[in-house]
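Undergrad: From first to last, the protein sequence lines stand for chains A and B.
According to this note's numbering, the first sequence is numbered sequentially starting from 7.
According to this note's numbering, the second sequence is numbered sequentially starting from 15.
Every residue gets a Cβ at the ideal spot worked out from N, C-alpha and C, and that includes glycine.
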Amino acid sequence: GAVVSQHPSRVICKSGTSVKIECRSLDFQATTMFWYRQFPKKSLMLMATSNEGSKATYEQGVEKDKFLINHASLTLSTLTVTSAHPEDSSFYICSARDPQGRETQYFGPGTRLLVL
Amino acid sequence: KQEVTQIPAALSVPEGENLVLNCSFTDSAIYNLQWFRQDPGKGLTSLLLIQSSQREQTSGRLNASLDKSSGRSTLYIAASQPGDSATYLCAVPGTASKLTFGTGTRLQVTL
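(1) By a C-beta neighbour count over all protein chains shown, 10 Å radius and 16 as the cutoff for buried, is A:Leu-32 buried or exposed?
(2) So, are the CB atoms of A:Met-39 and A:Ser-101 less than 9 angstroms apart?
(3) Using the rule of at least 16 other Cβ atoms within 10 Å of the residue's Cβ for burial, across every protein chain shown, is A:Ile-75 buried or exposed?
(4) Could you check the C-alpha separation between A:Met-51 and B:Thr-114 for me, to the nearest Å?
(5) Closest to A:Gln-111 by CA distance: which of A:Leu-122, A:Tyr-42, A:Ser-15, A:Ser-49 is it?
(6) Is B:Thr-88 helix, strand or coil by DSSP?
(7) Checking the sheet assignment: what are the DSSP bridge partners for B:Tyr-45?
(8) Give the DSSP bridge partners of A:Ser-79, in chain order.
(9) I'd like to confirm the pairing. Which residues does DSSP put opposite A:Ala-210 in its beta bridges?
(10) Return yes when the Cβ of A:Leu-85 is within less than 9 angstroms of the Cβ of A:Trp-19, no when it is not.
(11) Can you tell me the Cα-Cα spacing of A:Ser-11 and B:Tyr-102, whole angstroms?
(12) Starting from the Cα of B:Lys-112, find the closest Cα among A:Arg-16, A:Ala-8, A:Ser-56, A:Val-9 and give me that residue.
(13) I need the straight-line Cα distance from A:Gln-44 to A:Phe-97, nearest angstrom please.
(14) In the structure shown, what three-state DSSP assignment does A:Glu-69 receive?
(15) How many Å lie between B:Ala-43 and A:His-77 at the Cα?
(16) Which two residues bound the contiguous beta strand (DSSP E) that contains A:Ala-54?
(17) Could you check if A:Lys-72 belongs to the surroundings of the ligand FAD, using beta carbon to heavy atom distance under 8 angstroms?
(18) Apply the 10 Å Cβ neighbour rule to A:Ser-49 and answer buried if 16 or more other Cβ atoms are within range, or exposed otherwise.
(19) Leaving out five residues on either side along the sequence, give the residues of the same chain with a beta carbon under 6 angstroms from the beta carbon of A:Tyr-64.
(20) Can you tell which of B:Ala-100, B:Ser-87, B:Leu-80, B:Leu-25 has its C-alpha closest to the C-alpha of B:Pro-54?
(21) Any idea which residues DSSP pairs A:Arg-16 with across the strands?
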């Protein structure tokens, strides 16, 4: 149980376009999901907390207009990178909070974004 | 602000060796600590979660310990295998369940 999927796993886009990444909890409902960004050989950095039915909470330094988050259902959160630029190229990972209330998270497999 | 550091940053050992990975955190007011494994280009796999009331957790060849007062945790891997090669991350939760990750240790186990 507790499987989280991401789609796409890999995407290449041109500079200036927008890219949407989906994060789904497959066998449980997730009221809270998290979006992380990871640069090569670096650790994960939290970008934002996605709450079902309400606005996302962004970490300091993360542009909310650049990284649009929508958590429209209990099993789906989306991250849209708007007007992508090469510096947005990164590995994006989502996670979902344990539905049993335990303080742990289940992670998706990640999405590799390359902006040309 | 919580800061989590892992040493060493990279480690290469021959197969069969026992090894210890270290994780330190600056704010000891945590309610658990989690160890993850990440293979190149992949997501995270949870290995062990230690509650603040626990001293250690074991899963197969892995043993994780936690010393809250000193702000340290260790991950012990017994009889290492090439398949153990990966990056190992520790993480602690803060407010609103937000995780702060350590800097990671890249492990390579050679034949």
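TA: Here's the rundown:
(1) Stepping through the first sequence from its first residue, residue 32 of chain A is reached at position 26. A:Leu-32 is exposed by the Cβ-count criterion.
(2) Position 33 of the first sequence, counting from 1, holds the residue named residue 39 of chain A. Position 95 of the first sequence, counting from 1, holds the residue named residue 101 of chain A. In contact: A:Met-39 and A:Ser-101 (Cβ atoms closer than 9 angstroms).
(3) Residue 75 of chain A sits at position 69 when you count from the first residue of the first sequence. It counts as buried.
(4) Here residue 51 of chain A refers to the residue found at position 45 when the first sequence is read from its first residue. Here residue 114 of chain B refers to the residue found at position 100 when the second sequence is read from its first residue. Looking at the two C-alpha atoms, the distance is approximately 8 angstroms.
(5) As a first step, residue 111 of chain A is located in the first sequence; it is residue number 105 there, counting from the start. Closest option to A:Gln-111, Cα to Cα, is A:Tyr-42.
(6) By one-based count along the second sequence, residue 88 of chain B stands at place 74. B:Thr-88 falls in the strand class under three-state DSSP.
(7) Working through the second sequence from its first residue, we reach residue 45 of chain B at position 31. Its beta-bridge partners do not exist; DSSP assigns none.
(8) Within the first sequence, residue 79 of chain A is the residue found at index 73, counting from 1. Paired residues: A:Leu-82.
(9) Lying outside 7 to 122, the shown extent of chain A, residue 210 of chain A is not represented and no answer is given.
(10) As a first step, residue 19 of chain A is located in the first sequence; it is residue number 13 there, counting from the start. As a first step, residue 85 of chain A is located in the first sequence; it is residue number 79 there, counting from the start. Before going further, note that residue 19 of chain A is Cys rather than Trp in the sequence given. No, the pair does not count as a contact, with Cβ atoms beyond the cut-off.
(11) As a first step, residue 11 of chain A must be located in the first sequence, where it is residue number 5. As a first step, residue 102 of chain B must be located in the second sequence, where it is residue number 88. Distance from the CA atom of A:Ser-11 to the CA atom of B:Tyr-102, rounded to whole angstroms, is 21 angstroms.
(12) For the purposes of this step, residue 112 of chain B is identified with residue 98 of the second sequence, where counting begins at 1. Nearest C-alpha to B:Lys-112: A:Ser-56.
(13) Residue numbering aside, residue 44 of chain A sits at position 38 when the first sequence is read from its first letter. Residue numbering aside, residue 97 of chain A sits at position 91 when the first sequence is read from its first letter. So the alpha carbons of these two residues sit roughly 5 angstroms apart.
(14) To locate residue 69 of chain A, count along the first sequence from 1; it is residue 63. The answer is coil: DSSP assigns A:Glu-69 none of H, G, I, E or B.
(15) Your numbering for residue 43 of chain B matches position 29 in the second sequence. Your numbering for residue 77 of chain A matches position 71 in the first sequence. Spanning the two alpha carbons is a distance of roughly 30 angstroms.
(16) Locating residue 54 of chain A in the first sequence gives position 48, where the first residue counts as 1. It spans 50-57 - the beta strand (DSSP E) in which A:Ala-54 sits, taken as one unbroken run.
(17) You won't find the ligand FAD in this model; it holds no ligand whatsoever.
(18) The residue given as residue 49 of chain A occupies position 43 in the first sequence. Under this definition A:Ser-49 is a buried residue.
(19) Numbered from its first residue, the first sequence carries residue 64 of chain A at position 58. Contacts found: Ala-54, Lys-70.
(20) Translated into the one-based positions of the second sequence, residue 54 of chain B becomes position 40. Of B:Ala-100, B:Ser-87, B:Leu-80, B:Leu-25, the residue nearest in Cα terms is B:Ala-100.
(21) Position 10 of the first sequence holds residue 16 of chain A. A:Arg-118, per the DSSP bridge assignment.
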